[in-house]
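Q: Just so you know, we're using the UniProt record's numbering here: the sequence shown kicks off at 1 and counts up by one.
Ideal placement from N, C-alpha and C gives every residue a C-beta, glycine not left out.
The structure presented is a predicted model; accordingly, all values stated were derived computationally and were not measured.
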Amino acid sequence: MGSLTYRKEFFEVPTPSYVIAKDLLEHNLRILHEVEESTGAHVLLAQKCFSMYHYYPLIAQYLSGTTASGLYEARLGHEEMGKENHVFSPAYKESEFAELTKICDHIIFNSFAQWKKFGPEALAAGVSCGLRINPERSTQDHAIYDPCAEGSRLGVRLRDFDASAIGGLEGLHFHTLCEQGADALAVTLEAVEAKFGKYLPQMKWINFGGGHHITKAGYDIALLKKCIRRMQEKYGLTVYVEPGEAVALNAGFLVAEVLDIQQENAIAILDTSAACHMPDVIEMPYRPPVLGSGEPGEKAHTYTFAGPTCLAGDTIGTYSFDEPLAVGDRIVFGDMAIYTMVKNNTFNGMPLPAIIASDEDGSWQTVRQFGYEDFKMRL
Ligand SMILES: *Cc1c(COP(=O)(O)O)cnc(C)c1O
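If you want it as structure tokens, here you go:
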């Protein structure tokens, strides 16, 4: 799955648009649901990655609920999915906390100071409270995505763990992975047990966070299940995983159009922008797949794709094609459901791509369209 093949709707939708395919989303949801079914673990959608709530009723058929990074995502999960609703934030605001206690089942704190400040209010409201821990076991080299990196603000380290203050806490949460396999989870779990294992028997649940590339081909689902069962059997815990990427991996496309071609530089300017519509291309960084393309120089005609903004570095990547491109041609980027709609912006007054829902049979509908007012209203 995830191979980039032609779909009828690519030739029909307005450009630019994010096209999110129900059949591809459902493929992922089935895999995640099977993990729930066979282990009893609860899988939650991490909304910060994918918040296209048009599909929340579908997702609700397969997953246990949602997790949020703060009040607005928590509200969205509550309003549009209405299942289990969890929240973690590095710090909560007093003005927002009361509402969180009304709409969240789990609230996870990032420090003992936050737990002491807000815990009583959360407990009084019947919320299950947890603490994010930092096992300080890096399994990746990408510091910006590594909560175990030196100086990280994410999670309580063992040296700061105040065992005298854990009364009332029902769970521990860690999130240290990013696009990783179950092997990295197993290594992390070993560090969690070595450092915090003595507190686990007093807990009701453990949350493995996100970053599990569960729906990617080759992911070791058997090892994930083994990790889940170990926590269930050894400590009697309910296990939560909260993937974002794995839910909508390879389920979406960004369809754009060629506006101009600078033949001398072999640059094609599109009506989409890396900086505005797929910021992770620059931030992460990565080169998204393009339908029908090869590596630079692999096919006869090579072009660098760039956006129409002022940013010199607003380039998406370099790709080759069998035929020369022409103005008006459509370009289809793959894997565009995740960390795209939730991160886009209108820098340079760029229009936002429409959001389209499509299905296997080529049918599609416009979920949302944006215009000038969406740019103006934020300024
Ligand atoms: C980012 C994040 C997730 C989801 O991560 P993915 O890499 O999208 O699976 C889950 N939980 C927390 C706390 C996060 O910060």
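(1) When you compare only the Cα positions, how much space is there between residue 330 and residue 6?
(2) Do residue 89 and residue 70 count as a contact pair if the criterion is CB distance below 8 angstroms?
(3) Could you tell me which of 101, 220, 152, 137 sits nearest to residue 192, measuring between CA atoms?
(4) Tell me, to the nearest whole angstrom, how far the beta carbon of residue 18 is from that of residue 307; I am working on the premise that it is less than 8 angstroms.
(5) If you draw a straight line from the alpha carbon of residue 162 to that of residue 302, how long is it in whole angstroms?
(6) Is residue 242 near ligand 2, going by C-beta to nearest heavy atom under 7 angstroms?
(7) Assign residue 248 to buried or exposed, taking buried as 16 or more other Cβ atoms, counted over all protein chains shown, within 10 Å of its Cβ.
(8) Tell me whether residue 140 sits in a helix, a strand or coil according to DSSP, three-state version.
(9) Measuring CB to CB, does residue 177 end up less than 8 angstroms from residue 211?
(10) CB-CB under 7 angstroms to residue 56, same chain, minus the five flanking residues each way: which ones, in chain order?
(11) Counting C-beta neighbours from all protein chains within 10 Å, is the total for residue 377 16 or more, i.e. buried, or is it exposed?
(12) Closer than 7 angstroms: is that where the CB of residue 212 sits relative to any heavy atom of ligand 1?
(13) Let me know the secondary structure DSSP gives residue 378 once reduced to three states.
(14) Thinking just about the alpha-carbon of each residue, which of 59, 116, 63, 93 is nearest to the one in residue 72?
(15) Check each candidate in 294, 363, 367, 15 and name the one with the smallest Cα separation from residue 23.
(16) Give me the DSSP bridge partner(s) of residue 129.
(17) Go ahead and pull the three-state DSSP assignment for residue 370.
(18) Would you mind sorting residue 349 into buried or exposed? The rule is 16 or more other CB atoms within 10 Å of its CB.
(19) Are the segment 218 to 227 and the segment 165 to 173 in contact at 8 angstroms, needing three or more beta carbon pairs?
(20) Where does residue 164 land, buried or exposed, given buried means 16+ other C-beta within 10 angstroms?
(21) With residue 214 as the anchor, note down where its alpha helix (DSSP H) starts and where it stops.
(22) Kindly list the residues whose CB is nearer than 6 angstroms to the CB of residue 29, restricted to its own chain and excluding five residues on each side of it in sequence; keep chain order.
(23) Using only the alpha-carbon positions, how far apart do residue 391 and residue 242 sit?
(24) Quickly, what does DSSP pair residue 173 with across the bridge? List them, please.
(25) When the Cα atoms are used, what is the spatial distance from residue 356 to residue 334?
(26) To which residues of the same chain is residue 2 closer than 6 angstroms at the C-beta, ignoring the five residues directly before and after it?
(27) Could you check how far apart the C-beta atoms of residue 78 and residue 103 are, in whole angstroms? I think they sit under 8 angstroms.
(28) Can you have a look at residue 141 and say buried or exposed, based on whether 16 or more other CB atoms are within 10 angstroms of its CB?
(29) Figure out for me which residue from 101, 114, 195 has the closest Cα to the Cα of residue 74.
A: Looking at the atomic coordinates:
(1) Roughly 12 angstroms between the two C-alpha positions.
(2) Taking 8 angstroms as the Cβ cut-off, residue 70 and residue 89 qualify as a contacting pair.
(3) Looking only at 101, 220, 152, 137, the smallest Cα-Cα distance to residue 192 is reached by 137.
(4) In fact, because the Cβ distance is near 15 angstroms, the residues do not count as touching under 8 angstroms.
(5) It is roughly 58 angstroms from the alpha-carbon of residue 162 to the alpha-carbon of residue 302.
(6) Here the bound small molecules are ligand 1; ligand 2 is not part of this structure.
(7) When all chains shown are included, residue 248 counts as buried.
(8) DSSP places residue 140 in the coil class of the three-state scheme, outside both helix and strand.
(9) When the beta-carbon positions are compared, residue 177 and residue 211 come within less than 8 angstroms of each other.
(10) Answer for residue 56: 80, 81, listed in chain order.
(11) Exposed, by the Cβ-count rule.
(12) Because some heavy atom of ligand 1 lies under 7 angstroms away, the Cβ of residue 212 counts as near it: yes.
(13) Three-state result, residue 378: coil.
(14) Nearest of 59, 116, 63, 93 to residue 72, Cα basis: 93.
(15) Taking only the C-alpha atoms, the option nearest residue 23 is 363.
(16) According to DSSP, which records beta bridges pairwise, residue 129 is partnered with 107.
(17) Coil, per DSSP.
(18) Classification of residue 349: exposed, given that the 10 Å Cβ count is below 16.
(19) Segments in contact, no.
(20) Exposed, by the Cβ-count rule.
(21) Here residue 214 belongs to no alpha helix (DSSP H), and DSSP marks it neither H nor E.
(22) Closer than 6 angstroms at the Cβ level, and outside the excluded window around residue 29, lie 62.
(23) The requested residue 391 is not part of the displayed model; the chain covers only 1 to 379.
(24) DSSP, once it has assigned bridges, lists 132, 207 as partnering residue 173.
(25) For residue 356 and residue 334, the gap between their C-alpha atoms comes out near 14 angstroms.
(26) Annotation note: pLDDT 44 at residue 2 (below 50); position unreliable, no value reported.
(27) The beta-carbon distance between residue 78 and residue 103, rounded to whole angstroms, is 4 angstroms. This is short enough to meet the 8 angstroms contact definition.
(28) Per the 10 Å Cβ criterion, exposed.
(29) Nearest C-alpha to residue 74 among 101, 114, 195: 101.
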